[in-house]
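Scroll down for the structure; my scribbles are underneath it.
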Amino acid sequence: MTWETPRIAPVELHSLNSFGRRRTHSDSQSEIDGVPLATLVERYGSPLYVTSEQRLRANIRRIRQAFTRRYAQVIHGWSYKTNYNSAVCSILHQEGSWAEVVSRFEYEKARALGVPAEHIVFNGPNKQR
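Residue numbering for the sequence shown follows the working numbering, beginning at 2 and increasing consecutively.
In structure tokens:
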């Protein structure tokens with residue numbers, strides 16, 4: 002295993018977006034996984050929250066690969082507090098992620114999604130067995 006120098010890519014800046022931050026090319030996107038945004042809005046309305054399954058799977062595989070390249074034993078736990086959308090959680094579990102939960106609600110959600118109890122990490126303060 003060898004150490005690699007981190008690489009930082011420059012970002013081309015444009016005008017400010019609605020949050021007062023400079024726009025980048027990633028701010029403007031006309032499609033998600035080949036489906037035009039206009040089609041999604043027409044079909045489902047707006048505002049609309051869309052997650053790319055293809056991108057999500059690719060990202061989790063890259064994360065797993067980055068850690069397993071450097072560490073002998075790695076368990077990736079997906080924090081349900083971060084996003085407990087059933088579709089997102091299911092995809093991450095299909096990719097081998099465990100569930101990291103902090104409440105009974107999150108624990109029960111993970112179990113309902115088919116996550117075995119031994120693949121659930123129950124974190125947080127004041128927890129009793």
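Glycine is no exception: its CB is placed at the ideal position from the N, C-alpha and C atoms.
- Proximity to R63 across Y81, T52, H77 and T3 peaks at H77, based on C-alpha coordinates.
- Secondary structure of A100 (DSSP, three-state): strand.
- If you draw a 10 Å sphere on the C-beta of L49, you find fewer than 16 other C-beta atoms in it, and that means exposed.
- Within the same chain, and ignoring the five residues on either side of H120 in sequence, the residues whose Cβ sits closer than 7 angstroms to its Cβ are W99 and A100.
- From the listed residues G125, K110, A88 and Y108, the smallest Cα separation to R58 is found for A88.
- For the 8 angstroms CB-CB criterion, D34 and S53 form a contact.
- Collapsing the DSSP output to three states places S87 in a helix.
- In the three-state reduction of the DSSP assignment, E5 falls in the coil class, being assigned neither a helical nor a strand state.
- Sequence-distant partners of L41 (beyond 5 residues in either direction) whose C-beta falls short of 8 angstroms from its own C-beta, in its chain, are I33, L49 and V51.
- Excluding five sequence positions before and after F68, the CB atoms of its chain that fall closer than 6 angstroms to its own CB belong to V75, given in chain order.
- When the beta-carbon positions are compared, V103 and N124 come within less than 8 angstroms of each other.
- Judged by beta-carbon spacing, L93 lies within the 8 angstroms limit of I61, meaning their Cβ atoms are closer than that value.
- Taking every protein chain shown into account, the CB of V116 has 16 or more other CB atoms within 10 angstroms, so this residue is buried.
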